[in-house]
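This report concerns only the one structure given below.
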Amino acid sequence: MQRINFGRLPKAVCALTACAAVALGAGPGPTMATPFNDGEIPERAPRANELARTEGPPNVIVILADDIGVEPLALFGGSIETPNLTRLAKEGVLFERAFSTPLCSPSRTRIMTGRENASNYEAFGYLAPDAQTFGNMFRKAGFETAIVGKWQLSGNGFDGREGISPQGAGFSHSLLWQLRPRHAKGSRYWGPTLWNDGKPLFPEEGFGPDYLSDYALDFIDQNKSKPFFLYYPMVLVHDPFVVVPGKMDLEGDQAKFRGMVQHMDMLVGRLLDKVDSLGLRENTLIIFTSDNGTNRAIYSIRNGEQVRGGKGQPTLTGTHVPMIMSWPGELPAGESRQGLVDFTDIVPTIAQAAEIEPDWKIDGVSQLAVARGSVNEARSAIYQHYAPSWVFKPVKFAFDSDRKLYSDGRYVSLDLATGIERTIDADSLSGARREQYLQLRAMIEADPVPLDPVRFPWCVGQAAETAGADPQIVGCGFTPNDIPDGPPGGAGSNQ
Numbered sequence: 000m001q002r003i004n005f006g007r008l009p010k011a012v013c014a015l016t017a018c019a020a021v022a023l024g025a026g027p028g029p030t031m032a033t034p035f036n037d038g039e040i041p042e043r044a045p046r047a048n049e050l051a052r053t054e055g056p057p058n059v060i061v062i063l064a065d066d067i068g069v070e071p072l073a074l075f076g077g078s079i080e081t082p083n084l085t086r087l088a089k090e091g092v093l094f095e096r097a098f099s100t101p102l103c104s105p106s107r108t109r110i111m112t113g114r115e116n117a118s119n120y121e122a123f124g125y126l127a128p129d130a131q132t133f134g135n136m137f138r139k140a141g142f143e144t145a146i147v148g149k150w151q152l153s154g155n156g157f158d159g160r161e162g163i164s165p166q167g168a169g170f171s172h173s174l175l176w177q178l179r180p181r182h183a184k185g186s187r188y189w190g191p192t193l194w195n196d197g198k199p200l201f202p203e204e205g206f207g208p209d210y211l212s213d214y215a216l217d218f219i220d221q222n223k224s225k226p227f228f229l230y231y232p233m234v235l236v237h238d239p240f241v242v243v244p245g246k247m248d249l250e251g252d253q254a255k256f257r258g259m260v261q262h263m264d265m266l267v268g269r270l271l272d273k274v275d276s277l278g279l280r281e282n283t284l285i286i287f288t289s290d291n292g293t294n295r296a297i298y299s300i301r302n303g304e305q306v307r308g309g310k311g312q313p314t315l316t317g318t319h320v321p322m323i324m325s326w327p328g329e330l331p332a333g334e335s336r337q338g339l340v341d342f343t344d345i346v347p348t349i350a351q352a353a354e355i356e357p358d359w360k361i362d363g364v365s366q367l368a369v370a371r372g373s374v375n376e377a378r379s380a381i382y383q384h385y386a387p388s389w390v391f392k393p394v395k396f397a398f399d400s401d402r403k404l405y406s407d408g409r410y411v412s413l414d415l416a417t418g419i420e421r422t423i424d425a426d427s428l429s430g431a432r433r434e435q436y437l438q439l440r441a442m443i444e445a446d447p448v449p450l451d452p453v454r455f456p457w458c459v460g461q462a463a464e465t466a467g468a469d470p471q472i473v474g475c476g477f478t479p480n481d482i483p484d485g486p487p488g489g490a491g492s493n494q
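The sequence shown lines up with residues 0 to 494 when you count with numbering that gives the first Met the number 0.
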């Protein structure tokens, strides 16, 4: 695959040395976006001797939105219409009980590796260099592989860990934001900081998600004659809440969030149009989901009730996410499923679809039979070891379709229609309800891995807010952005 030729943008792109300020800051303010394919990112002529591949193993595309639970989306009773997600659901299967972890990094390690976080999650923004991912799986099977969007797995810049690279994770091609941590990550939106196959690019103008979208479409076009795997972890709709192309007059976080969701949906539509136009749709499995619940600053109206976003929280609003699987000719169209789906299930599902056997231990189960309608469910419960090592309190929890048990003793009923969890007195249970409780407790007790108590890794070397305590556990009064770049505990660490 040829790389996008950003060099043709003398005004919009600058050299690394000339753009250090852009890389280290949030980038310039928004400017009017130029139209797609107007020369900013040139389209190449199709290769005349290559026809779209319509036989053999399916192409696989996994789209992972950033920070959106079910409650904003009209598909799930919310108020924001997303015609392209609706289109995808009409062409496939809507999973109404799909669950991520409450936060981005544990969700990304989980979906990419098929492992429960107790097995391989070590730190926020980090995946070990020797980890095996679905990228490795597809590349070993002879697929062309690409990742476009958000990375956030090479390390958090505070604890000294150096994580896996996109190439090490099996991706032969990449255009990414946040390949580097801390201030060097730059902006994901206007005037973005991007990395093309590990090389830095700093467009001074334009909207980051649109650059990323064009790269994804270019990858599909250039590999239409081969089996390919595209992982598309979108940067939308994570904060900061910004105006988007075509909606430059929006004011306030709520209005900007709505605009960002609609722009995300438009980009999904562009991808569907590309796959359709190349004649690849019948032989392409597309999965759409999100990495965690909606930002807590956002309120949605769902089924007539106001619902606050629950990102970071181990509650329904932090973990209940949209999921759609579409593969025309192989999966039914316009149907929904009530079976539970966990992020560990994605690797075995796409592996079965592509007739590949992962060569590492997988904790999830394939949902392909559920998608096809052959069985109602592939699992009866989900377990999560949630210790993100980033702000939020660690906790273990297990749940089924209507009950959840936390390792701190809380036992709640689940109302998936409103996202509400209601406390239950576990001591008063009997019969089948008592057995249900005991089964969830057994799932928690089966995990021998202790919860990592670290919540503030950027506080290493700082004074603790509580005298005599570990600042990485109790905090130090600083946020990550307050800490200048530099080695942990060394110069530039605010010691």
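We put the beta carbon where it would ideally sit given N, CA and C, even for glycine.
Whose C-alpha, out of Tyr188, Val459 and Arg378, is nearest the C-alpha of lysine 255? Tyr188
Serine 325 burial status per 10 Å Cβ neighbour count (16 or more: buried): buried
Closer than 6 Å by C-beta to arginine 46: which residues in its own chain qualify, once you throw out the five before and the five after it? Chain order, please. With a pLDDT of 46 at arginine 46, under the threshold of 50, the modelled position of that residue is not reliable, and the figure given next carries that caveat. Excluding sequence neighbours, arginine 46 sits near nothing in its chain.
I need the boundaries of the beta strand (DSSP E) containing proline 209, first residue and last residue. For the record, residue 209 in the displayed sequence is aspartate; it is not proline. Taken as a continuous stretch (DSSP letters only), aspartate 209 belongs to no beta strand (DSSP E), being part of the alpha helix (DSSP H) at 207-221.
Using the Cβ count rule (16 or more neighbours within 10 Å means buried), how would you classify valine 374? exposed
Between Lys184, Asp196, Phe396 and Glu203, which has its C-alpha nearest glycine 190's C-alpha? Glu203
Proximity winner among Thr465, Pro447 and Pro456, relative to serine 118 (alpha-carbon distances): Pro447
Specify the secondary structure class of valine 390 as computed by DSSP and reduced to three states. coil
For my contact list, aspartate 264 and leucine 84 are in at a C-beta cut-off of 8 Å; report their separation, rounded to the angstrom. 6 Å
Do the CB positions of isoleucine 423 and tyrosine 405 come within less than 8 Å of each other? no
With C-beta atoms as the reference, is tryptophan 176 less than 8 Å away from valine 243? no
According to DSSP, residues forming a beta bridge with proline 199: Trp194
Taking the DSSP output, what are the residues bridged to histidine 172? Ala145
Could you check what DSSP says for isoleucine 443 in three-state terms: helix, strand or coil? helix
Hey, which unbroken runs of the alpha helix (DSSP H) at 4 residues or more fall wholly within the region 346-401? 367-371
Report the three-state DSSP secondary structure of isoleucine 300 (helix, strand or coil). strand
Counting Cβ pairs closer than 8 Å, one from the region 94-106 and one from the region 333-345, do we hit at least three? yes
Is the CB-CB distance between glutamate 143 and lysine 225 below 8 Å? yes
Beta-carbon proximity list for valine 61, same chain, < 6 Å, skipping 5 on both sides: Tyr230 and Ile286
Should glutamine 221 go down as buried or exposed, given a rule of 16 or more other Cβ atoms within 10 Å for buried? buried
Minimum C-alpha distance to arginine 160 - residue among Asp196, Pro449, Asp217 and Leu126: Leu126
Three or more C-beta pairs below 8 Å linking the region 416-435 and the region 467-480: no
Are the beta-carbon atoms belonging to alanine 397 and tyrosine 382 less than 8 Å from one another? yes
Residues bridged to leucine 284 by DSSP? Val59
Cβ shell of methionine 442 (< 7 Å), same chain only, five flanking positions each side left out: Ala380, Tyr382 and Ala397
With a threshold of 6 Å on Cβ separation, who are the neighbours of isoleucine 345 within its own chain once the five nearest residues in sequence on each side are excluded? Ile110
Between leucine 450 and the rest of its own chain, which residues show a CB-CB distance below 6 Å, the 5 nearest in sequence each way excluded? Ala386 and Pro393
Integer-rounded CB distance, given that serine 104 should sit under 8 Å from glutamine 151: 6 Å
Length of the line joining the Cα atoms of phenylalanine 133 and serine 365: 14 Å
Any idea which residues DSSP pairs isoleucine 419 with across the strands? Asp414
Mark threonine 348 as exposed unless 16 or more other C-beta atoms lie within 10 angstroms of its C-beta, in which case mark it buried. buried
Quick one: give me the first and last residue of the beta strand (DSSP E) that arginine 96 is part of. 92-98
Express the C-alpha separation of glutamate 80 and isoleucine 300 in angstroms, rounding to a whole number. 12 Å
Between the Cα of aspartate 407 and the Cα atoms of Arg378, Leu367 and Pro313, which residue gives the shortest distance? Pro313
So which of Ala370, Phe206, Glu354 and Asn116 has the shortest CA-CA distance to glutamine 337? Ala370
On a Cα-Cα basis, can you pick out the residue from Leu439, Asp358, Pro82 and Trp389 that is closest to serine 412? Leu439
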